[in-house]
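The structure appears right after this line, and notes come after that.
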Amino acid sequence: MKNTKGKFVDLDTKKLDIEKLKELDAYIESLEDKEGNLIHVLHKGQSLFGYLPENLQLYIARKIGLPASKVNGVVSFYSFFTQKPRGKHTISMCMGTACYVKGADKIFDAFKAELNVGNNEMTEDKMFTLKDIRCVGACGLAPVVLVDDKVYGHVTVEQVKEIIDKYRKED
Amino acid sequence: MSNYRMHVMVCAGTGCEAAESKIIIENFKEELKLKGYDQEIQVVKTGCFGFCGQGPIVKIQPDNVFYVKVTPADVKEIIEEHIIKGRRVERLLFEDPKEKVKLEKHDNMDFYKKQYRIALRNCGFINPEDIEEYIAFEGYEALGKVLTEMQPEDVIEIVKASGLRGRGGGGFPAGVKWGFTKNSPGDEKYVICNADEGDPGAFMDRSILEGDPHSILEAMAIAGYATGANSGIVYIRAEYPLAIKRLEIAIDQAREMGLLGENIFESGFDFDIILKLGAGAFVCGEETALIHSMEGCRGEPTKKPPFPAESGYRGKPTTVNNVETLANVCPIILKGSEWFSSIGTETSKGTKVFALAGKVNNVGLVEVPMGTTLREIIFEIGGGICDGKKFKAVQTGGPSGGVITEKDLDTPIDYESIKEIGSMMGSGGMIVMDEDNDMVEIAKFYLDFTQDESCGKCTPCRIGTKRMYEILERLTNLEGDMEDLEKLVDLGNMIKDTALCGLGQTAPNPVLSTMRYFPEEYEAYAKREKTKSYRIDPEKCIGCTLCAKACPVNCITGKVKEAHVIDESACIACGACFTVCKFDAVIKP
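From first to last, the protein sequence lines stand for chains A and B.
Here the first sequence is numbered in the working numbering, starting from 1 and rising by one per residue.
Here the second sequence is numbered in the working numbering, starting from 1001 and rising by one per residue.
In structure tokens, the structure reads:
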């Protein structure tokens, strides 16, 4: 099956990890108002699977009893949800205004150049996904970069390579 | 608390936690235990002190000594010098940027001197994960008073008389809003706390929720009693995991003590609160969009009327209040409306919390009485501009607001006056810009944000903001012309007049306002006179190769001892080469 962009999508829900699905099922079962908690279900799904592939969206839609189009409409509406797999580490550049006026865009460009990827893309070796995120509210540390949950504050262009190398060396 | 002779208060807000304050707390606990002081000295994990630019912050009580930029390695010294020997650790004291003297008490710092804390009253003073500490600071007294001594009408009257207005940006009188919900028929009603703080660069709501979560729960219960609602919901951003965790702890503790749940204070009044998570959509700050999101749908706004007070969550009468608005409620109940309305200006009562950030020395949360001037906030409390640079503008109201320049800095700030000078209060984000900031790029940044966040429902916003963004991109790529400037103004005004909700109606503001105050910068782009990249003066460059090594995108080439060249098409204008050059050979764009 093709999606609206002409890309083939995999809707085979049997390919999903059974153990993770069990946990998701249990969560959905625990909810009284399933439809009203769709966003919470999607948060749970994303935390279990790392992202929300089309077949998982379809699975959730069937489980709750909603059209898959509605689930996909919600997934694509909110920036917190991602439909693409992530690299081992996610590098998130805060794009709040406080960070921006202190040169976040320059640092982001440096990350793009160093990793050779664009925004919301994964490196070829699947080590890193680079993306911009909304203000994390740590404006006192601007500009801020998050690698997974670790926060780096007052980041300079010169530190970009250092930060990446640190994670490359660990693996 | 009385068993301890000394308290070590360590900030555990998002900013300080990111800077390892968790490890600082652990180190203090371990080290104090090792030295046998753990029964005399208590380590308290507190909410945000507000002075985020100086974090992590450690305050020693009752000495009232304020240490800044503390690292885990400093813990030993603080214990040995301060706690054991009673001497100050000089190097960790805050240095006044103007007078160059060390200050040990926070009340003497310019940053705190002019502040008046109502909404932030408990932040940095109590452990937000301990309900007993909140209760010790008059916590749940207001709820007790309301439930045992007052009728719902009286509560609404007090809030109305206090003049409290919505702090999320709208500025609508809170008491009037409560009155609408109360008067709407129906026995199922809701109170919603809007904690979807989407304005990039504003973090007061996050700090209140992290530093004093019970104050919000208590105020929601009061709002519930006043409006006739028994259910409260906090709609909070998923990007704030710490605030979510603290709220969950607070709700559990309040339930356990019977301060939430059935028959609170034996008054027959039931009230409970749950959390609903957002998922990253700026438009969900708009109350109708927020309600749709809470129902599990796309967060698209709908036309008002009907207002949520008539038909809100699940079609029932609903009150939506912002976090900071609610944070003011309990003090108003306890101290009275006259006290609150004596603070502020004619039309805007009380205080406002601003998130001061950008190119200003003292970054942090600032709570000041309404009517304080921007000059006081930026130059006195904020300590002026970083690195001795020149002030250029301050953006208030986030992506919906505009810039304010030097000439309006002495205007006393309230909801009305700030509109008159071409911006808006918004949620209180205040981004300071210096001479290095390019205003066209700033406007483009905001528009990139709003066009990305446009929900797509109405045409003016969905297509209009995109077209405006394209024009700005054309200009900054030096492919535009003077006609583009006219188009920007026309399109901007059209979107303002025709968009469906607040997001669209205000999206053109940053562009229109920067065009008004900095027309020459737009013209320089339109006439293609602007250069975007750094350049190297071949006369001055001696070929030391420092710049080439510093360049993060490797766009500087040249042999050793020969003048280097910057590839202008690849340059990202980060300024790394400018900073490292010792021969003044790099020329700024």
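Using N, Cα and C, we set each Cβ at its ideal position, and we do this for glycine too.
Give the residues of chain B in contact with residue i, contact being defined as C-beta atoms less than 7 Å apart.
i	result
A:Ile164	Per Cβ cutoff of 7 Å: no residues; A:Ile164 is ~11 Å from chain B at best.
A:Ala113	Pro1552, Val1553
My guess is that residue i and residue j are in contact by the Cβ rule of under 8 Å, so how many angstroms apart are they, rounded?
i	j	result
B:Gly1319	B:Ile1192	Checking the displayed sequence, the identity of residue 1319 of chain B turns out to be Thr instead of Gly. About 7 Å separates the two Cβ atoms, so the contact holds.
B:Ile1126	B:Phe1111	The pair is not a contact, with the Cβ atoms about 21 Å apart (cut-off 8 Å).
B:Val1008	B:Ser1021	Incorrect: roughly 12 Å between the Cβ atoms, too far for contact.
B:Ala1309	B:Ile1431	33 Å between Cβ atoms; not a contact.
B:His1517	B:Val1368	In the sequence as presented, His is not what sits at residue 1517 of chain B; that position holds Tyr. At roughly 24 Å, the Cβ-Cβ gap does not stay under 8 Å, so B:Tyr1517 and B:Val1368 are not in contact.
B:Ala1289	B:Gly1299	4 Å
A:Gly45	A:Leu56	6 Å
B:Ile1233	B:Met1150	Not really, about 24 Å apart at Cβ, beyond 8 Å.
What in chain B is Cβ-close to residue i, meaning under 8 Å?
i	result
A:Asp109	Pro1552, Val1553, Ile1572, Cys1574
A:Gly73	Arg1298
A:Ile39	Lys1276, Leu1277, Gly1278, Ala1279, Ser1293, Gly1296
Count the other CB atoms within 10 Å of the CB of residue i; is the residue buried (16 or more) or exposed (fewer)?
i	result
B:Leu1475	buried
A:Asp125	exposed
B:Thr1396	buried
B:Val1560	exposed
B:Ser1337	buried
B:Asp1497	exposed
B:Lys1276	buried
B:Asn1361	buried
B:Met1001	Only weak support is given to the placement of B:Met1001: the predicted model assigns it a pLDDT of 44, under 50, and the value that follows is read from those uncertain coordinates. Per the 10 Å Cβ criterion, exposed.
B:Gly1388	exposed
B:Glu1287	buried
B:Asp1537	exposed
B:Met1482	exposed
B:Gly1312	buried
A:Ser47	exposed
B:Arg1091	exposed
A:Ile164	buried
B:Glu1256	exposed
Determine the chain B residues that contact residue i at a beta-carbon separation under 9 Å, and present them in chain order.
i	result
A:Lys106	Pro1552, Ile1572, Ala1573, Cys1574, Gly1575, Ala1576
A:Phe81	Ala1279, Gly1280
A:Asp48	Asp is not the amino acid found at residue 48 of chain A; the sequence shown has Leu there. The contacting residues do not exist; A:Leu48 stays about 15 Å from chain B at best.
Can we count residue i as close to the ligand NAD, meaning its CB is less than 7 Å from some heavy atom?
i	result
A:Thr129	Although the ligand NAD was asked about, the structure shown includes no ligands whatsoever.
Taking Cβ-Cβ distances shorter than 8 Å, what residues in chain A pair up with residue i?
i	result
B:Gly1299	Phe77, Tyr78
B:Pro1213	Neighbours of B:Pro1213 on chain A: none; closest Cβ ~15 Å, over 8 Å.
B:Gly1047	Result: empty, since nearest Cβ-Cβ is about 13 Å, beyond 8 Å.
B:Ala1548	By Cβ distance, chain A contributes nothing, its closest Cβ being about 13 Å from B:Ala1548, past 8 Å.
Under 9 Å between beta-carbons, which chain A residues line up against residue i? List them in chain order, please.
i	result
B:Asn1437	Val101
B:Tyr1112	Correct list: empty, because the minimum Cβ distance to chain A is about 15 Å.
B:Glu1239	Phe80, Ile133, Arg134, Cys135, Val136, Gly137
B:Pro1602	Because chain B spans 1001 through 1589 in this model, residue 1602 of chain B falls outside it and cannot be assessed.
At 7 Å on the CB atoms, spell out the chain A contacts of residue i, in chain order.
i	result
B:Met1433	Val101
B:Gly1015	Ala138, Gly140, Leu141
B:Gly1206	The sequence shown places Arg at residue 1206 of chain B, rather than the Gly named in the question. Neighbours of B:Arg1206 on chain A, chain order: Gly137.
B:Ala1443	Under the 7 Å cutoff, chain A gives no residues; its nearest Cβ is about 12 Å from B:Ala1443.
B:Gly1201	Gly96, Thr97, Ala98, Cys135, Cys139
B:Ala1018	Ala138, Leu141, Val151, Gly153
Within 8 Å of chain A by C-beta, residues of the region 1349-1370 of chain B in sequence order: Ala1355, Ala1357, Gly1358, Lys1359, Val1363, Gly1364
Contiguous alpha helix (DSSP H) assignments of at least 4 residues, all confined to the region 1410-1457 of chain B: 1415-1420, 1439-1453
Chain B contacts made by the region 87-102 of chain A, where a contact means CB separation under 9 Å: Cys94, Met95, Gly96, Thr97, Ala98, Cys99, Tyr100, Val101, Lys102
Minimum length 3: unbroken beta strand (DSSP E) runs contained in the region 1539-1566 of chain B: none
Residues within the region 125-159 of chain A neighbouring chain B, beta-carbon criterion of under 7 Å: Arg134, Cys135, Val136, Gly137, Ala138, Cys139, Gly140, Leu141, Ala142, Val151, Gly153, Val157, Glu158
Residues of the region 1391-1408 of chain B with Cβ closer than 9 Å to any Cβ of chain D, in chain order: The structure shown contains no chain D; its protein chains are A and B.
Residues of the region 16-36 of chain A whose Cβ lies closer than 7 Å to any Cβ of chain B, in chain order: Glu35, Gly36
Unbroken stretches of the beta strand (DSSP E), 3 residues or longer, contained in the region 1010-1093 of chain B: 1041-1046, 1058-1061, 1065-1067
Residues of the region 1049-1074 of chain B whose Cβ lies closer than 9 Å to any Cβ of chain A, in chain order: Phe1051, Cys1052, Gly1053, Gln1054, Gly1055
Every unbroken beta strand (DSSP E) inside the region 1230-1285 of chain B [3 residues or more]: 1231-1236, 1261-1264, 1269-1277
Minimum length 3: unbroken beta strand (DSSP E) runs contained in the region 78-120 of chain A: 89-94
Residue ranges of each beta strand (DSSP E) within the region 1317-1372 of chain B, 3 or longer: 1318-1322, 1351-1358, 1364-1369
Residues of the region 1517-1537 of chain B whose Cβ lies closer than 7 Å to any Cβ of chain A, in chain order: none
Against chain A: residues of the region 1281-1295 of chain B by CB proximity under 8 Å: For the region 1281-1295 of chain B, which is checked against every Cβ of chain A, the residues closer than 8 Å are Ala1281, Phe1282, Ser1293, Met1294, Glu1295.
Those runs of the beta strand (DSSP E) which lie wholly inside the region 1446-1512 of chain B and span at least 3 residues: none
Unbroken stretches of the alpha helix (DSSP H), 4 residues or longer, contained in the region 25-58 of chain A: 38-49
Members of the region 1412-1434 of chain B that neighbour chain A once the beta carbon cut-off is set at 9 Å: Gly1429, Ile1431, Val1432, Met1433, Asp1434
Uninterrupted beta strand (DSSP E) stretches inside the region 126-158 of chain A (no shorter than 3 residues): Taking only runs of at least 3 residues, the beta strand (DSSP E) segments lying wholly in the region 126-158 of chain A are 128-133, 145-147, 150-152.
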